[in-house]
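Student: In case it helps, our numbering puts the sequence shown at residues 2 to 178. The beta carbon of each residue, even a glycine, is placed where N, CA and C say it ideally should be. All of these numbers come straight from a predicted model, not from anything done at the bench.
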Amino acid sequence: MQRNIVRLGHPGLRLQAEPVAPESLATEEMQALIAELIETVRSRSGRGLAATQVGESHQILVMVTPGDGDEPNGSEIVIINPLLEPEHADLVYDWESCLSVPGLKGLVPRYPKVRLRGLNARGEAMDLTLDGLQARLVQHAYDHLNGVVFLDRMRDLRSLAFNEEWGLYLADSSDGS
Numbered sequence: 002m003q004r005n006i007v008r009l010g011h012p013g014l015r016l017q018a019e020p021v022a023p024e025s026l027a028t029e030e031m032q033a034l035i036a037e038l039i040e041t042v043r044s045r046s047g048r049g050l051a052a053t054q055v056g057e058s059h060q061i062l063v064m065v066t067p068g069d070g071d072e073p074n075g076s077e078i079v080i081i082n083p084l085l086e087p088e089h090a091d092l093v094y095d096w097e098s099c100l101s102v103p104g105l106k107g108l109v110p111r112y113p114k115v116r117l118r119g120l121n122a123r124g125e126a127m128d129l130t131l132d133g134l135q136a137r138l139v140q141h142a143y144d145h146l147n148g149v150v151f152l153d154r155m156r157d158l159r160s161l162a163f164n165e166e167w168g169l170y171l172a173d174s175s176d177g178s
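1) With DSSP collapsed to three states, give me the class of T41.
2) So, for R154: in the same chain, excluding its five sequence neighbours on each side, which residues have a beta-carbon less than 6 angstroms away from its beta-carbon?
3) Whose CA, out of E88, P23, G47, Q17, lies closest to the CA of S58?
4) Is D144 helix, strand or coil by DSSP?
5) Give the secondary structure of P113 by DSSP, where H, G and I count as helix, E and B as strand, and everything else as coil.
6) Which residue wins for smallest C-alpha separation from S76, given the options L84, T66, Q54, N82?
7) Does the segment 26-35 come close enough to the segment 82-97 that 3 or more CB-CB pairs lie under 8 angstroms?
8) Does E97 pass the burial test, meaning 16 or more other C-beta atoms within 10 Å, or should it be called exposed?
9) Looking at Q54: is its Cβ nearer than 8 angstroms to the Cβ of H145?
10) Please classify T130: is it buried, with 16 or more other beta-carbons within 10 angstroms of its beta-carbon, or exposed?
11) Does the distance from the C-beta atom of L104 to that of N164 stay below 8 angstroms?
12) Please classify G133 as buried or exposed, where buried requires at least 16 other C-beta atoms within 10 Å of its C-beta.
13) Between which residues of its own chain and E86 is the CB-CB distance below 6 angstroms, once the five residues before and five after are set aside?
14) Provide the residue(s) that pair with L62 in DSSP beta bridges, ordered along the chain.
15) DSSP has F163 in a bridge; who is on the other side?
16) To the nearest angstrom, how far is it from the Cα of M127 to the Cα of D95?
17) Could you tell me the alpha carbon to alpha carbon distance between L138 and R48, rounded to whole angstroms?
18) Using a Cβ-Cβ cut-off of 7 angstroms (strictly less than) and excluding sequence neighbours within five positions of R156, which residues of its own chain qualify?
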């Protein structure tokens with residue numbers, strides 16, 4: 002079942018999510034929520050989604066990759082109670098958009114490499130090092146669990162653009178100029 006994604010202005014988007022009790026991961030309700038998060042992000046052609054974006058105050062986020070010839074359905078990572086640590090001191094700017102802030106893109110600084118720890122959907126400990134796009138995606142989704150949207154991270158709102166205008170005027174520019 003797909004869930005509705007809350008948009009900027011919904012109070013749930015600005016709340017800090019509650020940790021998930023590991024023993025609750027085995028429940029039908031929690032597994033259904035995880036499945037719904039995956040289905041919702043895929044149906045919107047998104048790459049990541051936090052539980053807070055569907056109005057649930059749980060520290061759960063999912064990341065998905067589109068399918069290809071080897072994996073027609075793509076793959077997904079489910080992270081419960083995530084902890085992030087930067088693995089690189091410098092920040093890198095790149096364009097971001099958000100399912101909860103539809104139609105807009107902006108230049109956002111993020112760490113290019115992070116260590117991600119937490120639990121998977123079965124409650125097993127996970128410890129990953131992510132870089133590039135995956136590092137950016139997980140930082141974006143992690144922010145949602147803390148009531149932060151990408152607009153809050155932008156250092157210069159002059160790079161904020163509607164998707165159509167971004168494609169016409171800014172897509173070829175990696176620094177927003």
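Tutor: The structure says:
1) It is helical.
2) V109.
3) Checking every option, the nearest Cα to that of S58 belongs to Q17.
4) In this structure, D144 counts as helix in the three-state DSSP scheme.
5) P113 falls in the coil class under three-state DSSP.
6) Closest option to S76, Cα to Cα, is T66.
7) Verdict: no, contact absent.
8) In the assembly as shown, E97 is a buried residue. Its beta-carbon has 16 or more other beta-carbons within 10 Å.
9) Cβ atoms of Q54 and H145: closer than 8 angstroms.
10) When all chains shown are included, T130 counts as exposed.
11) Note that residue 104 is Gly in the sequence shown here, rather than Leu. One thing to note: G104 has its Cβ within 8 angstroms of the Cβ of N164.
12) G133 is classed as exposed because its beta carbon has fewer than 16 other beta carbons within 10 Å across all chains shown.
13) Result list for E86: R116, in chain order.
14) Beta-bridge pairing links L62 to A51, I80.
15) Assignment of beta-bridge partners to F163 by DSSP yields L105.
16) Each residue's Cα considered, the two are about 27 angstroms apart.
17) Cα to Cα, the separation comes out at about 7 angstroms.
18) Once the five neighbours on either side are set aside, the close Cβ partners of R156 are P110.
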